[in-house]
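Each residue of the sequence shown is one higher than the last, beginning at 429 in the working numbering. Think of the CB as a built atom: it goes at the ideal place given N, C-alpha and C, for glycine as much as any other residue. Single-structure report; data block below.
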Amino acid sequence: MLDIGLRQLESLIAVAETGSFSMASDRLHITQSTVSMHIRELERIVDARLVLRNGRKKAELTATGHEVYAAALAVVRRCEDIERIAKRGETGLIALASSTVPAHSFLPVLMGDFLKREPGVRFEVRAEDSGGVFSRLLSGSVRIGFAGAEPDNERLAGEAVCRDTLVLVTAATPHFRTLKERGVNGLTVLKNVPLIARETESGTQRAAERFLKENGFGDLEPALRTDDPEAIKRAVEKGLGAAILSDLAVRAETADGRLIAFPLGAEPPVRDLYLVWAKDAPFTAAEERFLAYVRRSVNDMKKANIAKTDK
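Below is the structure:
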């Protein structure tokens, strides 16, 4: 068995990333001689030269050094994962990342019901667009995510937990109320008003752009684009234009009359909302229980919907 220690790997990583034994020692808060000793020990264990020492010149990795550096990064990151998991396990903290629609619709209900069962658990939710959710999962800063798009990275897995319909929303003016009463299609409305859109990393925006392209609006340029979904709703409410948004995200505004929602044809665009996680994520016990609870809740909702359909 190789007698490789984390300190040796950390020293190699620091030298590789700073290009200097002295800067590596500053980063690690140890002496330069200790860094040199760690590198020599590692080279002895693997029986290969890892770092070219060129006096005052920049320290450079050999070909083998680059390979060992990449492996060392993976080992150290996994050890950091273990440390984070241990801390989460002690505190019962469940760290989540969620895109806007899940965060504003079903996620608060799931967390609230779960907390009633396990009052000792704490949640920490990071608000992101779908791309940001995937990035946080890949970096390991969170273990569980909810997104408005299916992950396209092979390191991530996802399963649909909710179906959402997109609608065109406008200001609640007499003109648009009349169009709504006449049953005018949202695409027809969109021909005569500026489009307000979200950023391209949004799952909602991806689905909207696919739908627009399929229906001959592929060249339509938004008059305003912003990464803040609440700002979009406020801009629409003030009459700056119309936006294609999640039906779940605008139900409060359409219910109280601040916005008007137009269906986008007989076959409106629908998209799934996803529970997402990293395939190699080592979950804490609390995270495992929450995942199981989410899946049970989703299955219960699906069974309830099937029962309503059969009736």
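Check	Outcome
Whole angstroms are fine: how far does the CA of R435 sit from the CA of A735?	With a pLDDT of only 41 at A735, under the threshold of 50, the placement of this residue in the model should not be trusted; the figure read from the coordinates follows. C-alpha separation (whole angstroms): 59 Å.
Compare the beta carbon distance of V503 and L437 with 8 Å and say whether it is the shorter of the two.	yes
Report whether the distance from the Cβ of L623 to the nearest heavy atom of the ligand ATP is below 7 Å.	With respect to the ligand ATP, the structure shown offers nothing to examine, as it has no ligands at all.
Cutting at 7 Å between CB atoms, please list the residues of its own chain near S448, excluding the five before and the five after it.	K486 and A487
Tell me, please, which residues DSSP counts as bridged to T654.	R626
In whole angstroms, what is the alpha-carbon distance linking K641 and L594?	15 Å
Apply the 10 Å Cβ neighbour rule to H457 and answer buried if 16 or more other Cβ atoms are within range, or exposed otherwise.	exposed
Could you tell me whether the Cβ atoms of E552 and L521 are closer together than 8 Å?	yes
Three-state secondary structure (DSSP) at D728?	helix
Helix, strand or coil: how does DSSP classify G447 here?	coil
Does DSSP put S569 in a helix, in a strand, or in coil?	coil
Residues in its own chain within less than 7 Å of E695 by CB, not counting five upstream and five downstream?	none
On the DSSP bridge list, what partners appear for R699?	D592
Which residue comes first and which comes last in the beta strand (DSSP E) that contains S526?	L521 to S526
Out of L701, L596 and F711, which one is the CA nearest neighbour of I660?	L596
For V463, report the span of its alpha helix (DSSP H) as first-last.	Q460 to V474
Please identify the residue among G433, S567 and T446 whose C-alpha is closest to the C-alpha of Q460.	T446
Within the continuous alpha helix (DSSP H) that includes E578, where are the two ends?	Where E578 is concerned, there is no enclosing alpha helix (DSSP H), given that its DSSP letter is neither H nor E.
Decide if the stretch 574 to 594 is in contact with the stretch 624 to 638; the criterion is three or more beta carbon pairs, one per stretch, under 8 Å apart.	yes
Please say whether V612 and A598 have beta carbons closer to each other than 8 Å?	Reading off the sequence, residue 598 comes out as Thr, not Ala. Against a cut-off of 8 Å, the Cβ pair of V612 and T598 comes out as no contact.
Please list the terminal residues of the continuous alpha helix (DSSP H) segment that includes E681.	D675 to A683
Less than 6 Å between C-beta atoms, sequence neighbours within five positions excluded: which residues of the same chain meet that for L676?	V529, S533 and D592
Taking buried to mean at least 16 other C-beta atoms within 10 Å of its own C-beta, is C507 buried or exposed?	exposed
With which residues is E488 paired in a DSSP beta bridge?	L480
Measure from the alpha carbon of R709 to the alpha carbon of each residue in N727, C590 and R583, then state which is nearest.	One detail in the question is off: residue 709 reads as Ala in this sequence, not Arg. Among N727, C590 and R583, the Cα nearest to that of A709 is on R583.
Take I688 as the anchor and find which of W705, L623, A670 and V698 has the nearest alpha-carbon.	A670
Where does I688 fall in DSSP's three states?	strand
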